[in-house]
Amino acid sequence: MSRMKPSAPPPPAAPPPAAANRRMTWLGAATLGLAALAVYANTLSHPLVFDDVASILENPSIRNLGRIADVLTPPATDGMTVGGRPVLNLSLALNYAVSGTAVWSYHALNIVIHLLAGLTLFGLLRRTLALSPGLATPGGNRGAPSSHAGDWIALTVAALWTVHPLQTEAVTYVIQRAESLMALFYLQTLYAFLRATETPASKTWPAWCVGACLLGMATKEVMVSAPLIVLLYDRTFVAGSFREAWRLRRRLYVGLACTWLLLAALVVSHGGNRGGSIGFGVQIGWWEHGLTQFRTVARYLWLCVWPHPLVFDYGPERITGAMDVLPFLIPVGLLAWITWRGFRRRTALGFAGLWFFAILAPTSLIPGPTQMTVEHRMYLPLALVLAAGVIVAYRRAGRRILLAAVPIGAVFAGLTLSRNGDYRSELALWEVTVHQRPGNPVALGSYGAALLKANRLPEAFAVYEQAVQLNPGYWDLWNNLGLVLEKMDRLPEAVTAYVKSLQVQPDRLQVRENLARTLLSAGRPEEAATQFQEALKLQPESAAAHAGLGTALMMLGRAPEAVEQLAASLRARPDNADTTYNLANALVLSGRPADAVAYYEALLRSNLGSATAVRVHTQLGRTFAVLGDQTRATSQFREALRIDPNYKPAQDGLRGQ
Numbered sequence: 010m011s012r013m014k015p016s017a018p019p020p021p022a023a024p025p026p027a028a029a030n031r032r033m034t035w036l037g038a039a040t041l042g043l044a045a046l047a048v049y050a051n052t053l054s055h056p057l058v059f060d061d062v063a064s065i066l067e068n069p070s071i072r073n074l075g076r077i078a079d080v081l082t083p084p085a086t087d088g089m090t091v092g093g094r095p096v097l098n099l100s101l102a103l104n105y106a107v108s109g110t111a112v113w114s115y116h117a118l119n120i121v122i123h124l125l126a127g128l129t130l131f132g133l134l135r136r137t138l139a140l141s142p143g144l145a146t147p148g149g150n151r152g153a154p155s156s157h158a159g160d161w162i163a164l165t166v167a168a169l170w171t172v173h174p175l176q177t178e179a180v181t182y183v184i185q186r187a188e189s190l191m192a193l194f195y196l197q198t199l200y201a202f203l204r205a206t207e208t209p210a211s212k213t214w215p216a217w218c219v220g221a222c223l224l225g226m227a228t229k230e231v232m233v234s235a236p237l238i239v240l241l242y243d244r245t246f247v248a249g250s251f252r253e254a255w256r257l258r259r260r261l262y263v264g265l266a267c268t269w270l271l272l273a274a275l276v277v278s279h280g281g282n283r284g285g286s287i288g289f290g291v292q293i294g295w296w297e298h299g300l301t302q303f304r305t306v307a308r309y310l311w312l313c314v315w316p317h318p319l320v321f322d323y324g325p326e327r328i329t330g331a332m333d334v335l336p337f338l339i340p341v342g343l344l345a346w347i348t349w350r351g352f353r354r355r356t357a358l359g360f361a362g363l364w365f366f367a368i369l370a371p372t373s374l375i376p377g378p379t380q381m382t383v384e385h386r387m388y389l390p391l392a393l394v395l396a397a398g399v400i401v402a403y404r405r406a407g408r409r410i411l412l413a414a415v416p417i418g419a420v421f422a423g424l425t426l427s428r429n430g431d432y433r434s435e436l437a438l439w440e441v442t443v444h445q446r447p448g449n450p451v452a453l454g455s456y457g458a459a460l461l462k463a464n465r466l467p468e469a470f471a472v473y474e475q476a477v478q479l480n481p482g483y484w485d486l487w488n489n490l491g492l493v494l495e496k497m498d499r500l501p502e503a504v505t506a507y508v509k510s511l512q513v514q515p516d517r518l519q520v521r522e523n524l525a526r527t528l529l530s531a532g533r534p535e536e537a538a539t540q541f542q543e544a545l546k547l548q549p550e551s552a553a554a555h556a557g558l559g560t561a562l563m564m565l566g567r568a569p570e571a572v573e574q575l576a577a578s579l580r581a582r583p584d585n586a587d588t589t590y591n592l593a594n595a596l597v598l599s600g601r602p603a604d605a606v607a608y609y610e611a612l613l614r615s616n617l618g619s620a621t622a623v624r625v626h627t628q629l630g631r632t633f634a635v636l637g638d639q640t641r642a643t644s645q646f647r648e649a650l651r652i653d654p655n656y657k658p659a660q661d662g663l664r665g666q
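Here is the structure:
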């Protein structure tokens, strides 16, 4: 890119007629719309994967759009991407209101967001190139360029950006709309700013600029750099200096700066480290993380040019030695030097480099123990990488480069369609990821979980056995191995696996409950009761722990105590049929058969399967017999036998009348 000093701009291109401008606008919209649909229409039926489950299926705050306070204060628990991001959570609540947990609306909105971002990028580039027509002049000629050259360059960049395979993680993976939605607001902030400079008397565009920035801050923390990038854009393309930019638009910059207050409040509201996934004090040092980011940034740059292979989860790969970073320090250092040189000279290339580094800065500078390299973070930086590449190529080769972009775009589109196919199921996605990163504990654990869900137990066992050998310090791998062994009815080995998981992380409620349940199944109720009690120390309101403790106490002959625990479980989860049935049985054993009747009858009014209904009718018959009501007892036994004529307990009950 050329040096661009607004104080001495090149001769502007002759403005195209309004009709031609409208035609180009509609052509761009149609091209980008068709491109987005062509490469992402095959994702509409793809299932929710990985963090989608916690952030959508297990997220109670999106289930009632009318309770807007809950929607705008999403939970910030482990695995939930929505914590501290109310606008993201609101978008999910809108999807839930439309289609519940049916995936089509979530994917459709992701595609719409991606398309709107592409259209905004197209508009921003068109107007920027109109401000700096020398950028669209082949051969370095500083004279007036073709009036349409900037439009075609802008459309080429936006189209390549729309179909680029590196974008798939932010579009196909539902919850990563956090990135694409934030990027849309980022681009809208810049676009609205540019329109505000074109119409100084307008109040709408400045308000839109600040409003889009505010929405972006409430979507994802990476938006933090937007006010600074707007100021840099003004200095580079409009005002010519920071001082002049501040003099002309200080009120707008104060408004943009005020959006940081919202971001700060949201960051503080969820503890500042996103559940331990990123932030200072998250089990990795700043130095180690910083060294690793040189390789990460070099990889990002390479994927812009050669987007293969794409990896869903790279795992906690780290660089710990200064010498190991040298191969990656050279390209990243060169780019940083070019950026700094361009910044000092106020060139468009300097702006592009600072855009790239500024958007990556939050995740590159702040440590994250498991998220060293994440492809969706390149969603927005990719725009300026492509823009710089296309403009430099156009200035050297002229229109030929725009023609060459067609087959390049077709290759990108084909790779995007192929990559989307990896998301067709959890099993397929993690199988590919494990093949790419066989030592990644997250990938191995998730692949094993998908195999377990598919009931492919021997394969799941083999995966987890390999995983715990490679990574014995990951509690969730031992826990999942325990689940597989439990389902294979290898209960002693399952107990051992759960114990090893707790040795790594003693405060995991899920593992405590799994261990207690397995001990109960293995006929060890006293040990099970101890583990359920430990679980209740971690979470006093756990319905599962109360229910399990109640069952263990019943097995130990301590029915009155069991009643207390089962009742507590039912208060937390009133619609649990198993707990209701066990509570009724415990009441009978505690000498309170009259109280048990109401619970049995409540069960029979619910939608029970035939096997459960037979058991409940039989137990209710026995309870009526204890109460001396032989007529009603006989009626219940007969009803049980009507459903299942061969059910022996009911036959015995009727025979004993």
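In the numbering used here, the protein residues as written are 10 to 666. Positions of the beta carbon are idealized from the N, C-alpha and C atoms, including for glycine.
Item: Rounded separation between A39 and G127 - CA only; Value: 12 Å
Item: Cβ-Cβ distance between A659 and G630 below 9 Å; Value: yes
Item: Pair within 9 Å by beta-carbon distance, G457 and Y473; Value: yes
Item: CB contact flag (G430, N51, <9 Å); Value: yes
Item: Under 9 Å between C-beta atoms of Y323 and R446; Value: yes
Item: L492 at chain C interface by Cβ criterion, 9 Å; Value: The structure shown contains no chain C; it is built from a single protein chain.
Item: Rounded Cβ spacing between S189 and H123 (contact assumed at less than 8 Å); Value: 6 Å
Item: Three CB pairs or more closer than 8 Å across the region 647 to 659 and the region 613 to 625; Value: yes
Item: G351 - DSSP class collapsed to helix/strand/coil; Value: helix
Item: Sequence-distant residues of the same chain with beta carbon closer than 7 Å to A396, five excluded per side; Value: L134, V166 and A361
Item: Coil, strand or helix - S578 by DSSP; Value: helix
Item: Which listed residue (L223, T372 and M89) has its alpha carbon closest to that of A63; Value: M89
Item: Of the residues F251, A586, R252 and A227, the one placed nearest W269, counting alpha carbons only; Value: A227
Item: Span separating the alpha-carbon of L43 from that of L545; Value: 55 Å
Item: Three-state secondary structure assigned by DSSP to Y483; Value: coil
Item: Nearest-angstrom Cβ-Cβ length linking V112 and L57, presumed shorter than 8 Å; Value: 6 Å
Item: Short Cβ contact (9 Å threshold) for A476 with P450; Value: yes
Item: DSSP state of G132 mapped onto helix, strand, coil; Value: helix
Item: Reference V443; option with closest CA among E435, L453 and L436; Value: L453
Item: Segments assigned alpha helix (DSSP H), at least 4 residues, entirely inside the region 596 to 648; Value: 602 to 614 and 619 to 635
Item: L41 (DSSP reduced to helix, strand or coil); Value: helix
Item: Spatial neighbours of F365 in its chain, beta-carbon cut-off 6 Å, leaving aside the 5 residues before and after; Value: P390 and L393
Item: G559 and L547 closer than 9 Å at C-beta; Value: no
Item: Selection from A506, P84, Y609 and A556 that minimises the alpha carbon distance to R580; Value: A556
Item: As assigned by DSSP and simplified to three states, the class of G127; Value: helix
Item: L369 and M387 closer than 9 Å at C-beta; Value: yes
Item: Own chain partners of P18 with C-beta closer than 6 Å, once the 5 adjacent residues on each side are dropped; Value: Only weak support exists for where P18 lies, its pLDDT of 44 falling under 50; the coordinates are left without a value.
Item: Residue from A463, C218 and V341 with nearest C-alpha to R204; Value: C218
Item: Backbone secondary structure at N464 - three-state DSSP; Value: coil
Item: Residue closest to V508, alpha-carbon to alpha-carbon, out of M497, Y483, K496 and D498; Value: Y483
Item: Exposure label - L335; buried when at least 16 CB within 10 Å; Value: exposed
Item: Best match in E67, L663, T86 and L138 for proximity to L358 [C-alpha to C-alpha]; Value: L138
Item: Length of the line joining the Cα atoms of D604 and P83; Value: 40 Å
Item: Cα-Cα separation, F541 to T213; Value: 60 Å
Item: Residue nearest to N98 in terms of C-alpha spacing, selected from V121, L125, E67 and I120; Value: E67
Item: Host alpha helix (DSSP H) of I238 (start-end); Value: A235 to Y242
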